[in-house]
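Colleague: Reminder that position 60 of the sequence shown reads as 80 in my numbering, one-by-one numbering, no gaps.
In this text, a Cβ means the ideal position worked out from N, Cα and C, and glycines have one as well.
Sharing a structure with you now.
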Amino acid sequence: DPAAYLGCEWLPPKFDYVDPKKDVEAEILAINAGLKSRRQAISERGYDAEQVDAEIAADKARTDALGLSFGAPPVQKEDVPNE
Numbered sequence: 021d022p023a024a025y026l027g028c029e030w031l032p033p034k035f036d037y038v039d040p041k042k043d044v045e046a047e048i049l050a051i052n053a054g055l056k057s058r059r060q061a062i063s064e065r066g067y068d069a070e071q072v073d074a075e076i077a078a079d080k081a082r083t084d085a086l087g088l089s090f091g092a093p094p095v096q097k098e099d100v101p102n103e
């Protein structure tokens, strides 16, 4: 069956972030607004979404089994001057 050998998905070469923090925040906003999917955002980075999700699930299972916990770093509040 040649169809089994012809199915492929092209992933573009990944590109580096110009400003990683702003670029990631923009991606999150676009995904949360429904303007793009996680799969599209991951593919645009040159990765396969199914592989990334499998790696995330495996990491979570391993950290849970070892009793480890990694969370987001605490948000730093900017000092707001009193007016």
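Quick check on the burial criterion: 16 or more other C-beta atoms within 10 angstroms. Buried or exposed for Ser-63?
Modeller: Reading the sequence shown from its first residue, position 43 is the one you call residue 63. With 16 or more other Cβ atoms within 10 Å, it is buried.
Colleague: Tell me the rounded alpha-carbon separation between Leu-88 and Gly-27.
Modeller: As a first step, residue 88 is located in the sequence shown; it is residue number 68 there, counting from the start. As a first step, residue 27 is located in the sequence shown; it is residue number 7 there, counting from the start. One C-alpha to the other measures close to 40 angstroms.
Colleague: Output the distance between the C-alpha atoms of Ser-57 and Ala-85, rounded to the nearest integer angstrom.
Modeller: Within the sequence shown, residue 57 is the residue found at index 37, counting from 1. Within the sequence shown, residue 85 is the residue found at index 65, counting from 1. In a straight line, the C-alpha of Ser-57 is about 30 angstroms away from that of Ala-85.
Colleague: Do you know how far the Cα of Phe-90 is from the Cα of Thr-83?
Modeller: Here the question's residue 83 lines up with position 63 in the sequence shown. Here the question's residue 90 lines up with position 70 in the sequence shown. About 8 angstroms.
Colleague: Helix, strand or coil for Lys-41 per DSSP?
Modeller: Against the sequence shown, residue 41 aligns to sequence position 21. Helix at Lys-41.
Colleague: Alpha carbon to alpha carbon, what distance is there between Asp-73 and Arg-59?
Modeller: The residue labelled residue 59 in the question sits at position 39 within the sequence shown. The residue labelled residue 73 in the question sits at position 53 within the sequence shown. Cα-Cα distance, rounded: 10 angstroms.
Colleague: Just the C-alpha distance for Phe-35 and Ile-76, rounded to the nearest angstrom, thanks.
Modeller: Stepping through the sequence shown from its first residue, residue 35 is reached at position 15. Stepping through the sequence shown from its first residue, residue 76 is reached at position 56. The alpha-carbon atoms of Phe-35 and Ile-76 are separated by roughly 21 angstroms.
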